[in-house]
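Residue numbering for the sequence shown follows our numbering, beginning at 7 and increasing consecutively.
Beta carbons: idealized from backbone N, C-alpha and C, even for Gly.
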Amino acid sequence: MVGSIEFDLIICGSGLAGLRAAIEAAKKNSKIKIGIVSKVQVMRSHSVSAEGGTAAVLFEDEGDTIESHIYDTVKGSDFLADQDVAKRLCEEMPQEIRQLDHWGMPWSRRDDGRIDQRNFGGYSFPRATYASDKVGFFEMQTLYDTCQKFENIEYLNEWFATSIIHDGNKFMGLTAIEISSGNFYQIKAKALIIATGGAGRIYSFSTYALSSTPDGLDMAYRAGMALKDMEFVQFHPTGILPSGILITEGARGEGGYLLNNKGERFMKKYAAAKMELAPRDIVSRAIMTEINEGNGFKHETGVDCMKLDLRHLGDEKIKEKLGGIREISIKFSGVDPADEILDIRPVCHYMMGGIHTNIDGATELQGVWAAGEAACNSVHGSNRLGANSTSECIVWGKITGSLAVDYIEKSTNSNPWPHHLVTLEEKRIYDGIFRGNGDVNPYDIKQELTDTMNEKAYVYKNEKNLIEGLKKIRQLKEQTWKHVDDSAKEYNTNFINVMELDSMFRTAEIVLIGAINRKESRGAHSRTDYPKRDDANFLHHTLAYYDPKEPIMKTHPVTITNYQPVERKY
Ligand SMILES: Cc1cc2nc3c(=O)[nH]c(=O)nc-3n(C[C@H](O)[C@H](O)[C@H](O)COP(=O)(O)OP(=O)(O)OC[C@H]3O[C@@H](n4cnc5c(N)ncnc54)[C@H](O)[C@@H]3O)c2cc1C
Numbered sequence: 007m008v009g010s011i012e013f014d015l016i017i018c019g020s021g022l023a024g025l026r027a028a029i030e031a032a033k034k035n036s037k038i039k040i041g042i043v044s045k046v047q048v049m050r051s052h053s054v055s056a057e058g059g060t061a062a063v064l065f066e067d068e069g070d071t072i073e074s075h076i077y078d079t080v081k082g083s084d085f086l087a088d089q090d091v092a093k094r095l096c097e098e099m100p101q102e103i104r105q106l107d108h109w110g111m112p113w114s115r116r117d118d119g120r121i122d123q124r125n126f127g128g129y130s131f132p133r134a135t136y137a138s139d140k141v142g143f144f145e146m147q148t149l150y151d152t153c154q155k156f157e158n159i160e161y162l163n164e165w166f167a168t169s170i171i172h173d174g175n176k177f178m179g180l181t182a183i184e185i186s187s188g189n190f191y192q193i194k195a196k197a198l199i200i201a202t203g204g205a206g207r208i209y210s211f212s213t214y215a216l217s218s219t220p221d222g223l224d225m226a227y228r229a230g231m232a233l234k235d236m237e238f239v240q241f242h243p244t245g246i247l248p249s250g251i252l253i254t255e256g257a258r259g260e261g262g263y264l265l266n267n268k269g270e271r272f273m274k275k276y277a278a279a280k281m282e283l284a285p286r287d288i289v290s291r292a293i294m295t296e297i298n299e300g301n302g303f304k305h306e307t308g309v310d311c312m313k314l315d316l317r318h319l320g321d322e323k324i325k326e327k328l329g330g331i332r333e334i335s336i337k338f339s340g341v342d343p344a345d346e347i348l349d350i351r352p353v354c355h356y357m358m359g360g361i362h363t364n365i366d367g368a369t370e371l372q373g374v375w376a377a378g379e380a381a382c383n384s385v386h387g388s389n390r391l392g393a394n395s396t397s398e399c400i401v402w403g404k405i406t407g408s409l410a411v412d413y414i415e416k417s418t419n420s421n422p423w424p425h426h427l428v429t430l431e432e433k434r435i436y437d438g439i440f441r442g443n444g445d446v447n448p449y450d451i452k453q454e455l456t457d458t459m460n461e462k463a464y465v466y467k468n469e470k471n472l473i474e475g476l477k478k479i480r481q482l483k484e485q486t487w488k489h490v491d492d493s494a495k496e497y498n499t500n501f502i503n504v505m506e507l508d509s510m511f512r513t514a515e516i517v518l519i520g521a522i523n524r525k526e527s528r529g530a531h532s533r534t535d536y537p538k539r540d541d542a543n544f545l546h547h548t549l550a551y552y553d554p555k556e557p558i559m560k561t562h563p564v565t566i567t568n569y570q571p572v573e574r575k576y
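1. Give me the Cα-Cα distance between Phe65 and Ala514, rounded to the nearest whole angstrom.
2. If you measure from the CB of Lys45, is any heavy atom of ligand 1 nearer than 7 Å?
3. In chain order, which continuous runs of the alpha helix (DSSP H) of length 4 or greater are located wholly inside the segment 382 to 435?
4. For Gly142, tell me which candidate among Ile76, His75, Glu184 and Arg26 has the shortest Cα-Cα distance.
5. Which residues does DSSP pair with Gln372 in a beta bridge?
6. With a 10 Å radius around its C-beta and 16 neighbouring C-beta atoms as the bar for buried, classify His75 as buried or exposed.
7. Classify Pro352 as buried or exposed, calling it buried when 16 or more other Cβ atoms lie within 10 Å of its own Cβ.
8. What's the call for Leu216, buried or exposed, on a 16-neighbour Cβ count within 10 Å?
9. Report the option in Val43, Tyr576, Phe144 and Thr418 whose CA atom is closest to the CA atom of Trp113.
10. Any contact between the segment 422 to 432 and the segment 320 to 327? By contact I mean 3 or more CB pairs, one from each, below 8 Å.
11. Quick check: the segment 41 to 55 against the segment 431 to 439, are at least 3 beta-carbon pairs closer than 8 Å?
12. State yes or no: is the C-beta of Asp221 nearer than 7 Å to some heavy atom of ligand 1?
13. Are the beta-carbon atoms belonging to Gly21 and Ala393 less than 8 Å from one another?
14. Quick one, which of Thr548, Asp553 and Pro557 has its alpha-carbon nearest Pro563's?
15. Between the C-alpha atoms of Lys477 and Ala201, what's the straight-line distance to the nearest angstrom?
16. Using the C-alpha atoms, what's the distance from Gly300 back to Leu314?
17. Under 7 Å Cβ to Cβ from Met294, same chain only, skipping five residues before and after it: list those, please.
18. So the beta strand (DSSP E) Leu314 belongs to, where does it begin and stop?
19. By the DSSP assignment, the beta strand (DSSP E) with Glu160 in it spans what residues?
20. In terms of residue numbering, what span does the alpha helix (DSSP H) encompassing Gln105 cover?
21. Between the beta-carbon of Ala257 and the beta-carbon of Leu198, is there less than 8 Å?
22. On the CB-based measure, 16 or more other CB atoms within 10 Å of its CB, does Arg124 come out buried or exposed?
23. Can you determine whether any heavy atom of ligand 1 sits closer than 7 Å to the C-beta of Trp5, and answer yes or no?
24. What I want to know is whether the C-beta of Tyr497 ends up closer than 7 Å to one or more non-hydrogen atoms of ligand 1.
25. What do you reckon, is the C-beta of His546 under 7 Å from a heavy atom of ligand 1?
26. I'd like to confirm something about Ala393: is its beta-carbon nearer than 7 Å to some heavy atom of ligand 1, or not?
27. Got a sec, what are the start and stop residues for the beta strand (DSSP E) Asn523 sits in?
28. If you scan the segment 210 to 275 from start to end, which runs of the beta strand (DSSP E) of 3 or more residues do you find wholly inside it?
29. Let me check one thing: in DSSP terms, what residues is Pro563 bridge-paired to?
30. Check whether the Cβ of Thr202 lies closer than 7 Å to any heavy atom of ligand 1, and answer yes or no.
31. What's the call for Gln192, buried or exposed, on a 16-neighbour Cβ count within 10 Å?
32. Count the other C-beta atoms from every protein chain shown that fall within 10 angstroms of the C-beta of Ser36, then say buried if there are 16 or more, exposed otherwise.
33. Can you tell me whether Ile98 sits near ligand 1, meaning its C-beta is under 7 Å from at least one heavy atom of the ligand?
34. At a cut-off of 7 Å, is Ala56 close to ligand 1 when judged by its beta-carbon and the heavy atoms of the ligand?
35. Can you determine whether any heavy atom of ligand 1 sits closer than 7 Å to the C-beta of His52, and answer yes or no?
36. Rounded to a whole number of angstroms, what is the C-alpha to C-alpha distance between Glu333 and Thr213?
Printed below as a string of structure tokens:
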């Protein structure tokens with residue numbers, strides 16, 4: 007039996023984007039009923055693990071400018087960012103830092119009491135606003151606390167959204183499983199904000215929470231919305247070995263060095279001016295080039311790696327400003343960075359792509375917005391600068407929360423509720439997955455899928471590997487993994503995991519097809535067979551639309567306002 011509930015606004019995702027959207031919507035209209043649907047408890051959303059900082063211009067009196075933040079973002083994006091969107095981000099952010107401060111955010115401060123900022127990759131000014139090295143945790147806590155002020159926000163924690171219901175034109179609701187009871191629900195609403203985060207768990211070596219799978223993206227994709235620029239996957243230079251947990255760029259922002267096996271700070275060969283604080287795509291490529299040229303190290307697990315040296319920062323600074331990564335290094339690698347050098351390697355960290363939206367976060371389906379990492383409003387182009395993502399979540403959380411309320415206030419009666427679509431969805435997930443048959447272990451298939459992405463679509467790519475990767479993913483998809491061995495109704499995480507895997511196939515395929523089609527190197531997309539950026543043929547976004555057989559690929563223009571593309575050097 008299908009349960010039924012109703013809200014005015016559903017926010018799917020309780021990370022930074024979802025919570026900021028909820029506050030804005032609740033503040034704007036205390037009468038509308040808001041439901042936040044999240045497959046994990048609020049404070050387990052991946053946003054809590056953001057470490058290094060949130061970008062904003064705060065020190066105009068010391069020479070920083072909004073214009074410089076915009077240009078750094080556009081240059082960092084390798085000129086694929088929509089420049090009007092980058093402008094919106096940079097203009098909105100300073101007030102959001104102060105707003106968070108007023109809501110209780112414990113920003114790290116200077117001795118004079120002003121909010122402090124640290125250096126981050128690709129910026130011309132220290133612009134990452136930080137709270138020790140746990141910025142996401144404190145931001146989440148601040149937003150979640152603030153949400154408690156509003157009585158019209160309800161939390162559906164540990165609910166797994168499965169599909170979007172619409173009438174071909176306009177949003178009508180969601181279907182979801184309440185994980186604790188196993189009951190299936192239709193959730194009717196006038197508007198939806200998708201804030202389901204990134205999907206970096208399609209790679210096995212990844213900084214992401216295990217819950218960062220593409221089911222949110224896939225839900226939008228199956229409902230007819232395009233996924234944009236999915237070929238651009240960011241590899242953060244410093245994933246610690248063996249786990250891949252992140253060592254924040256803040257570690258280099260505070261003065262950490264990268265060293266090769268000759269003891270050289272090799273970044274001088276690749277970005278003499280910015281050194282270790284060049285953008286992530288450049289530093290990750292430099293590390294892989296050094297490894298390929300025999301200048302790397304072997305970790306005890308047999309993996310190639312490079313070294314990150316923080317020892318010269320001193321015990322006190324490490325404790326005060328990098329306490330979180332010190333704890334991570336000791337617990338997960340057995341190394342105290344105050345005494346020893348860390349083994350690191352580029353690791354899947356961010357997806358520049360996501361659900362195609364306009365500058366306001368509106369998707370192609372009426373009544374649906376997307377915000378945060380799940381969205382692709384094209385602010386990051388082909389390479390995001392560190393600290394610009396938490397900023398994006400906050401700015402577009404606010405914008406979409408406000409616009410969704412305007413829409414709800416004006417919305418008129420919808421078509422009759424399409425019961426048949428809910429029945430179809432029930433069939434898809436219960437007959438097709440829960441009661442599916444097969445003898446192949448879905449967890450083995452997931453491991454193979456994510457390893458394939460690591461091997462075939464890592465920092466450096468080429469056509470041969472990408473095609474092999476796509477073939478392999480398609481072979482895996484054909485195997486009989488679509489079944490759930492645990493027949494329990496309550497807390498059936500096996501069921502959820504197999505549904506997540508189902509979405510991983512479609513998304514991985516789009517990442518690979520996008521990468522095959524983009525025969526150039528731009529930002530995080532680096533092709534050894536096409537090593538140059540090719541503005542004549544590829545200065546455009548990629549769109550992927552759903553088709554049961556394979557995605558329909560299209561292109562979309564880039565908005566260029568003030569800055570014509572030039573060669574990107576640091
Ligand atoms: C380790 C790490 C460190 C980072 N550090 C920084 C940093 O210092 N600065 C910076 O700017 N950026 C950083 N980033 C990036 C940034 O943190 C993320 O991009 C951002 O927090 C994403 O927030 P979000 O609100 O979009 O989604 P998330 O916080 O990822 O939350 C996703 C939400 O969607 C829900 N969800 C997903 N699918 C479903 C479904 N099917 N049904 C119901 N709910 C669903 C989840 O339950 C969750 O609540 C970091 C990222 C990582 C991984």
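For this structure:
1. In a straight line, the C-alpha of Phe65 is about 41 Å away from that of Ala514.
2. Yes, since a heavy atom of ligand 1 falls inside the 7 Å radius drawn around the Cβ of Lys45.
3. Runs of the alpha helix (DSSP H) inside the segment 382 to 435: 394 to 416 and 425 to 432.
4. That would be Arg26, whose Cα lies nearest to the Cα of Gly142.
5. BP columns for Gln372 point to Lys176.
6. Per the 10 Å Cβ criterion, buried.
7. Pro352 counts as buried, since at least 16 other C-beta atoms from the protein chains shown sit within 10 angstroms of its C-beta.
8. Classification for Leu216: exposed.
9. Relative to the Cα of Trp113, the nearest Cα in the group Val43, Tyr576, Phe144 and Thr418 belongs to Phe144.
10. Under the three-pair Cβ rule at 8 Å, the segment 422 to 432 does not count as touching the segment 320 to 327.
11. Fewer than three beta-carbon pairs drawn from the segment 431 to 439 and the segment 41 to 55 are found closer than 8 Å, and the two stretches are therefore not classed as touching.
12. Checking the Cβ of Asp221 against ligand 1 gives yes.
13. Not a contact, by the Cβ cut-off of 8 Å.
14. Taking only the C-alpha atoms, the option nearest Pro563 is Thr548.
15. One alpha carbon belongs to Lys477, the other to Ala201, and they sit about 31 Å apart.
16. About 17 Å.
17. For Met294, same chain residues with a beta-carbon under 7 Å away, outside a window of 5 residues either side, are Pro352, Val465 and Tyr466 in chain order.
18. Element bounds for Leu314: Asp310 to Asp315.
19. It spans Ile159 to Asn163 - the beta strand (DSSP E) in which Glu160 sits, taken as one unbroken run.
20. Element bounds for Gln105: Gln89 to His108.
21. Cβ atoms of Ala257 and Leu198: not closer than 8 Å.
22. Counting the other Cβ atoms within 10 Å of the Cβ of Arg124 gives 16 or more, which makes it buried.
23. Any answer about residue 5 is impossible in this case: the structure gives the chain only from 7 up to 576.
24. Incorrect: Tyr497 has no Cβ contact closer than 7 Å to ligand 1.
25. Look at His546: its beta carbon is at least 7 Å from all of the heavy atoms in ligand 1.
26. Flag set: Cβ of Ala393 near ligand 1.
27. From DSSP, Asn523 is part of no beta strand (DSSP E) but of the alpha helix (DSSP H) over Thr499 to Asn523.
28. Segments of the beta strand (DSSP E) lying fully in the segment 210 to 275: 239 to 246 and 263 to 265.
29. DSSP lists His546 as partners of Pro563.
30. In this structure, Thr202 has its beta carbon less than 7 Å from a heavy atom of ligand 1.
31. With a threshold of 16 other beta carbon atoms within 10 Å, Gln192 meets it and is buried.
32. Under a 10 Å Cβ-count criterion, Ser36 is classified as exposed, with fewer than 16 other Cβ atoms of the shown protein chains found around its own Cβ.
33. A small correction: the amino acid at residue 98 is Glu; Ile does not occupy that position in the sequence shown. Taken from the Cβ of Glu98, every heavy atom of ligand 1 lies 7 Å or farther away.
34. Taking the Cβ of Ala56 as the reference point, at least one heavy atom of ligand 1 falls within a distance shorter than 7 Å.
35. It does: the Cβ of His52 is within 7 Å (strictly closer) of some heavy atom of ligand 1.
36. Glu333 and Thr213 have their C-alpha atoms spaced approximately 16 Å apart.
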